[in-house]
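Undergrad:
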Amino acid sequence: FGALLDELDIPMPAHGIARSGAQALEVADAIGYPVMVRPSYVLGGRAMAVVDDSDALHAYMEEAVSVAMEKAILVDQFLEDAFEVDVDAVCDGTRVVIGGVMQHIEEAGIHSGDSACVLPPYKISNYHMTIIREYTQQLGLALGVRGLMNVQYAIKDDIVYVLEVNPRASRTVPFVSKATGVPLAKLAAQVMAGHTLDDLGFRAEPVVDGFFVKEAVLPWKKFTGIDALLGPEMRSTGEVMGHAARFGHAFAKSQMGAYTPLPQTGGVLITVNDFDKGSALKLSRDLHRLGFAIYATPGTAAFIGRAGVPVETVAKAIAGAEGYTTLDAMRDGKIQLIINTPLGPDSREDGAKIRQLATRMEIPLITTLSAAQAAVNGIRAMREQELTVRSLQTHYAAASAAAAGVRA
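Structure, rendered in structure tokens:
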């Protein structure tokens, strides 16, 4: 596959294959940390991890042997702070038609099955969209796909990378089909039976009215002992969809459907790692302007406070901690939303306790900054205009009537 991408001049992250711990360390040193590691031939991100150094990689390799057995371990460059994009397309061997382009709301490193996504993308330039469409066309034809194809991309430093191509139906196909009203699985089956896309009248990427947001339903309430921290291994057990003319409203609806409705008032607990403090400052300002009380752990509170944002400091819930802690504030009903991005042993200890209590108390919990910003958009949108609801059937009828008017 790497040779094909080289031939097509399509970028992909640096990568290698290892069959032993020594080989994995050698490959990772050549690529540079952090790296994404996973056994080949597994689904749902099973045993997939992001490792930051050689010690973590050595520990991973010792554990991965029990999962991978005789299979190889794939080692890929991890694109930090990249945004991922999913594309579902139908190919008939001579033509490729895109069904939908979806942007992940969480940053790269969260499994696509656990990440929220939006159709159409809300933060991708026309330049990058053009490249994504061109690469999808090239890949479908070069691989000779007949039927459905899913391509996963990542955008970092103005470069569009191909992460993987799957010549099959993806879990996003039902979402795209509901959003567009186009039965992609039916069309793909007919193509596989010998029809062409021209025969079926599917000649162009569907135009989407408004925004559709897919959100994962996560089983934290059923498995309360599990740390509710998203990562490369898939944990979701279902999906919901929200639609609206504005992205914020669509995101807010998706959170309602996933049983984590966004609060309109109250307090927000912010506890983030050092790398995220700059972005957390903007979030705290936005939330303060929306009328929320801001609570934060000492390091985050000091950073936010120096910028003039009113904040109440709460201690981390770690061994030996004194004073009023994050858990105390949660139990006292002061916290209606939690933004937590841990890094390092102390923050992970405190963060794990926060996340477990949040699950038990059913307090909305967000563990990535991009999802937190989407939540702010949702809260602001609901403040500015009440949510409205209509059936998909009504939506399709209105979209068809509008399209007919354009054609006329």
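Numbering-wise, our numbering puts 758 at position 97 of the sequence shown, and it's gapless, one number per residue.
Using N, Cα and C, we set each Cβ at its ideal position, and we do this for glycine too.
All figures in this text were calculated on a predicted structure; none of them were measured in a lab.
Please state whether DSSP places valine 834 in a helix, a strand or coil.
TA: helix
Undergrad: When the Cα atoms are used, what is the spatial distance from leucine 740 to glutamine 799?
TA: 23 Å
Undergrad: I need the straight-line Cα distance from arginine 1051 to glutamine 997, nearest angstrom please.
TA: Cα-Cα distance, rounded: 28 Å.
Undergrad: Does the Cβ-Cβ distance between isoleucine 785 and isoleucine 816 come in under 8 Å?
TA: yes
Undergrad: Is it true that the CB of proline 867 sits closer than 8 Å to the CB of valine 843?
TA: yes
Undergrad: Take the Cβ of glycine 805 as the centre, count every other Cβ of all protein chains shown within 10 Å, and call the residue buried at 16 or more, exposed below.
TA: exposed
Undergrad: Check for me: the beta strand (DSSP E) holding glycine 747 runs from which residue to which?
TA: First, the residue type needs correcting, since residue 747 is aspartate and not glycine in the sequence shown. Start and end: 744 to 753.
Undergrad: Taking only the alpha-carbon atoms, compute the straight-line gap between phenylalanine 744 and glutamate 767 and give it to the nearest angstrom.
TA: Going by the C-alpha atoms only, they are around 7 Å apart.
Undergrad: Just the Cα atoms here: how many angstroms apart are alanine 640 and glutamate 894?
TA: Given a span of 662 to 1069 for the chain in the structure shown, any question on residue 640 remains unanswerable.
Undergrad: Quick check: what's the CA-CA separation for glycine 984 versus glutamine 1034?
TA: 30 Å
Undergrad: Let me make sure I understand the geometry here. Which of Thr841, Ala840, Met917 has the alpha-carbon closest to that of alanine 877?
TA: If we check each option's Cα against that of alanine 877, Met917 comes out closest.
Undergrad: Which one or two residues does DSSP pair with threonine 1049 in a beta bridge?
TA: Beta-bridge pairing links threonine 1049 to no other residue.
Undergrad: Let me confirm a value: phenylalanine 662 is counted as buried when at least 16 other C-beta atoms fall within 10 Å, else exposed. Which label applies?
TA: Its Cβ having fewer than 16 others within 10 Å, phenylalanine 662 is exposed.
Undergrad: Per DSSP, which residues does alanine 679 bridge with? Please list them.
TA: Partner(s): Ile734.
Undergrad: Grab the span of the beta strand (DSSP E) containing leucine 780 for me, first residue to last.
TA: 778 to 780
Undergrad: What is the DSSP secondary structure of alanine 846, counted as helix, strand or coil?
TA: helix
Undergrad: Below 8 Å on the Cβ atoms is my guess for valine 823 versus leucine 666; work out the distance and round it to an integer in Å.
TA: 6 Å
Undergrad: Under 8 Å by Cβ, that's how I've got alanine 968 and leucine 942 pegged, so tell me the actual separation to the nearest angstrom.
TA: In this structure, alanine 968 and leucine 942 form a Cβ contact; the two beta carbons are roughly 5 Å apart against a cut-off of 8 Å.
Undergrad: Apply the 10 Å Cβ neighbour rule to methionine 1022 and answer buried if 16 or more other Cβ atoms are within range, or exposed otherwise.
TA: Flag for methionine 1022 reads exposed.
Undergrad: Would you say glycine 892 faces chain C, with C-beta separation under 8 Å as the test?
TA: Protein chains in the displayed structure number just one, and chain C is not present.
Undergrad: For tyrosine 956, which three-state DSSP category applies?
TA: Note: tyrosine 956 maps to strand in three-state DSSP.
Undergrad: Is arginine 699 near the ligand COA, judged by its Cβ being under 7 Å from some heavy atom?
TA: Only the bare structure without any ligand can be found here, which leaves the ligand COA out of the picture.
Undergrad: Just how far apart, CA to CA, sit threonine 755 and threonine 961?
TA: 55 Å
Undergrad: Check this for me: beta carbons of phenylalanine 1070 and glycine 994, under 8 Å apart or not?
TA: In the structure as shown, the chain starts at 662 and stops at 1069, and residue 1070 therefore has no counterpart that could be examined.
Undergrad: Between which residues of its own chain and valine 852 is the CB-CB distance below 8 Å, once the five residues before and five after are set aside?
TA: Answer for valine 852: Val751, Cys752, Asp753, Arg807, Gly808, Leu858, Leu861, listed in chain order.
Undergrad: Along the chain, where does the beta strand (DSSP E) that runs through isoleucine 1000 open and close?
TA: Where isoleucine 1000 is concerned, the enclosing beta strand (DSSP E) stretches over 998 to 1002.
Undergrad: Let me know the secondary structure DSSP gives methionine 895 once reduced to three states.
TA: coil
Undergrad: Would you decide whether lysine 914 is buried or exposed? Buried here means 16 or more other CB atoms lie within 10 Å of its CB.
TA: buried
Undergrad: Am I right that valine 698 and leucine 735 are in contact with their C-beta atoms under 8 Å? What's the rounded C-beta distance?
TA: 7 Å
Undergrad: Compute the Euclidean distance between the alpha carbons of glutamine 738 and isoleucine 678, then round it to the nearest angstrom.
TA: 12 Å
Undergrad: For the putative contact between threonine 932 and threonine 974, defined by C-beta atoms under 8 Å, what is the C-beta separation to the nearest angstrom?
TA: Actually they do not touch by this definition, with Cβ atoms about 11 Å apart.
Undergrad: How is the alpha helix (DSSP H) around glycine 801 delimited, first residue to last?
TA: 787 to 804
Undergrad: Using the beta-carbon count (16 or more within 10 Å), is serine 681 buried or exposed?
TA: exposed
Undergrad: Does the beta-carbon of proline 959 have 16 or more other beta-carbons within 10 angstroms, so that it is buried, or is it exposed?
TA: exposed
Undergrad: For glycine 1012, does the count of other Cβ atoms within 10 angstroms reach 16, so buried, or fall short, so exposed?
TA: Burial of glycine 1012 is indicated by the presence of at least 16 other C-beta atoms within 10 angstroms of its C-beta.
Undergrad: Less than 8 Å separating the beta-carbons of arginine 832 and phenylalanine 872?
TA: no
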